[in-house]
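Here's the structure, in structure tokens; my notes come after.
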Amino acid sequence: MTFPDVSTPVFGRANRHLRLDTLVRLRWLAIAGQSLAVAGVHFGLGFPLPFGWCFTAIAVSSWLNIALRIRFPLSHRLHAGPATALLAFDIIQLAALLYLTGGLQNPFSILFLAPVMISATALPPQRTLVLGVLAIALATLVSIVHLPLPWAGPDRPVLPPSYQIGSWAALVLGLGFTGIYAWRVAKEARDLSDALAATELVLAREQHLSQLDGLAAAAAHELGTPLATIALVARELSRLAPPEGEMAEDITLLREQVERCRSILGKLASLQDDDAGPLDQLSLRLLIEEAAGPQRPFGVPFEIVMRGEKPEPVCRRNPGMIYGLGNIVDNAVDFARSTVAITAQWDQAHVMLTIADDGPGFPPDVLLRAGDPYLTHGANESRAGGGLGLGLFIAKTLLERGGALMEFSNLAAPASGASVRMTWPREVFEADLPQPGPVNPEPSIPHGVS
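Read in order, the letters of the sequence shown correspond to residues 6 to 455 in the numbering used here.
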């Protein structure tokens with residue numbers, strides 16, 4: 006089984022194309038609203054709108070929607086270019102309606118915000134900038150050149166230029182603010198989604214690796230029967246063949262290799278035994294050693310301190326927990342100057358594990374967001390999360406799923422370094438452990454069997 010690299014574009018925005026069905030549905034909603042507004046103002050309020058020209062602009066939008074429905078399936082996804090073109094059409098169509106109905110004096114001019122916000126949530130920032138500039142340019146144009154705002158009575162109010170300039174400025178600021186805000190919120194949601202997907206892959210990889218011992222044990226049991234048959238046949242051949250015959254040496258070699266295979270299968274079968282509960286359990290000390298083991302070859306010494314009354318906490322072997330702790334240790338080794346300190350403390354209620362290094366510590370801006378996805382700092386970033394800043398996020402996610410409370414801090418002066426503290430309720434840390442059952446008596450050997 007292979008797993009994609011979390012740094013590949015499969016997690017990036019390249020695969021997040023906007024669905025055509027989404028734009029078509031939103032445009033139908035806009036068409037319905039525009040039709041209702043034009044008809045209501047013209048027939049209901051009696052305002053002298055250029056009714057035919059208004060519905061011509063609305064009809065063009067309707068024809069485009071119908072053509073898109075006929076040409077493309079509902080599930081079709083648009084690349085950035087076509088999506089930008091469709092949103093640009095919506096801006097131009099709205100500008101045409103506003104030109105016919107009073108320009109920016111029309112209160113519906115606020116709808117210039119809609120296409121820009123849609124682009125900010127789904128398209129690259131460069132495309133959103135293009136649409137924003139287009140919206141501002143057309144808003145400026147219709148604020149200067151437009152048909153008069155229709156009124157029912159003979160007295161038409163005249164809005165002062167300062168008010169019109171203020172309306173234009175408010176629209177421009179609204180476009181900028183809502184576009185940036187929508188882009189930021191959508192970016193954080195995309196980053197979180199990507200990071201969670203990467204976390205799921207990492208966890209699946211670790212679980213897959215942890216299951217290899219079970220597969221090896223199953224294979225050993227399956228191969229045991231044919232190997233026993235081969236051993237029996239080899240023994241019979243050895244008994245029947247002359248000691249000095251041509252085949253004697255080959256038969257001896259065959260029996261030696263059978264014994265070697267039997268020894269190998271015995272080791273594989275011992276990797277996982279359903280009745281051997283301790284193999285599936287880790288004491289707190291062994292958990293630390295297993296998490297820190299891959300980092301020892303990098304030459305940074307570890308100081309491991311165990312504080313607590315016996316018995317030492319024991320947990321079920323959890324690939325996610327081991328991988329998460331390993332990522333924390335990996336980060337500490339990256340930035341440590343001389344040593345990494347791992348302190349384990351426990352009592353009847355809690356289990357606490359602190360991993361600290363003597364490096365420069367977390368920068369203030371990083372400390373405020375420690376554990377967020379796509380947050381990188383310092384040298385050697387590429388060792389965690391493939392350079393995406395996912396290391397601490399994956400560790401935090403996996404450990405919090407296991408019930409840990411994570412705390413990131415810097416060591417108090419005059420010491421320097423970063424510290425990560427994980428605290429579990431003891432009943433959560435030791436959850437899912439097999440309960441000791443009654444001791445089975447020694448099986449008796451039937452008479453006549455030896």
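No residue lacks a Cβ here, since even glycine has one placed at the ideal position from N, Cα and C.
This one's a predicted model, so the numbers in the text were calculated from it and none came from an experiment.
- Only residues of its own chain outside the window of five on either side were considered, and among them V29 have a CB closer than 7 Å to the CB of R74, listed in chain order.
- By the neighbour-count criterion, in which a residue is buried when 16 or more other Cβ atoms sit within 10 angstroms of its Cβ, K401 is buried.
- Residues of the same chain with a CB within less than 7 Å of the CB of P53, apart from the 5 flanking positions on each side, are P155 in chain order.
- Within the same chain, P318, C320 and V356 come within 6 Å of F434 by CB-CB distance, once the 5 residues on both sides are set aside.
- The residue among Y104, N70 and V135 with its C-alpha nearest the C-alpha of A93 is V135.
- Burial of Y328 is indicated by the presence of at least 16 other C-beta atoms within 10 angstroms of its C-beta.
- According to DSSP, R312 shares a beta bridge with Q350.
- For S66, the enclosing alpha helix (DSSP H) stretches over residues F56 to R76.
- The beta carbon of G408 is closer than 8 Å to those of W429, P430, V433, F434 and A436 in its chain, skipping five residues each way along the sequence.
- Taking the CA atoms as reference points, R322 sits about 14 Å from L403.
- DSSP places S148 outside any beta strand (DSSP E); the residue lies instead in the alpha helix (DSSP H), whose first and last residues are P130 to I149.
- Collapsing the DSSP output to three states places N415 in a strand.
- Here P153 is exposed, its C-beta having fewer than 16 other C-beta atoms within 10 Å.
- Nearest in C-alpha terms to Q39, of all of A64, L242 and M411, is A64.
- When the five nearest sequence neighbours on each side are left out, the beta carbons in the same chain lying within less than 8 Å of the beta carbon of W173 are those of L109, A144, T145 and S148, in order along the chain.
- Here A423 is near F413, since their CB atoms are less than 9 Å apart.
- Fewer than three beta-carbon pairs drawn from the stretch 289-302 and the stretch 252-266 are found closer than 8 Å, and the two stretches are therefore not classed as touching.
- Around the beta carbon of P120, a 10 Å sphere encloses 16 or more other beta carbons of the protein chains shown; the residue is thus reported as buried.
- In the DSSP assignment, I115 falls outside any alpha helix (DSSP H), carrying neither H nor E.
- Pairing G184 with A125 gives a Cβ-Cβ distance under 9 Å.
- Judged by their CB atoms, A375 and L416 are not nearer to each other than the 9 Å cut-off.
- Using a 10 angstroms sphere on the CB of G57, the tally of other CB atoms stays under 16, which defines it as exposed.
- C-alpha of H47 to C-alpha of L103: approximately 15 Å in a straight line.
- Taking every protein chain shown into account, the CB of D370 has fewer than 16 other CB atoms within 10 angstroms, so this residue is exposed.
- Taking C-beta atoms as the reference points, N70 and R32 count as a pair closer than 9 Å.
- Between the alpha carbons of L164 and I97 lies a distance of about 25 Å.
- For R32, the enclosing alpha helix (DSSP H) has its first and last residue at L25 to A44.
- Boundaries for M326: no beta strand (DSSP E) harbours it, while the alpha helix (DSSP H) harbouring it runs P324 to F340, taken from the DSSP string.
- Taking the CA atoms as reference points, L50 sits about 37 Å from Y186.
- By the neighbour-count definition (other C-beta atoms within 10 Å, threshold 16), M326 is a buried residue.
- Judged by beta-carbon spacing, L330 lies within the 9 Å limit of L358, meaning their Cβ atoms are closer than that value.
- Judged by DSSP in its simplified three-state form, V425 adopts strand.
- Here L372 has F413 and N415 as same chain residues with Cβ atoms under 7 Å from its own Cβ, once five neighbours each way along the sequence are excluded.
- One alpha carbon belongs to P87, the other to R406, and they sit about 41 Å apart.
- Just measuring C-alpha positions, the residue of R267, S268 and L292 sitting nearest I347 is L292.
- Rounded to the nearest whole angstrom, the CA to CA distance from S167 to V177 is 15 Å.
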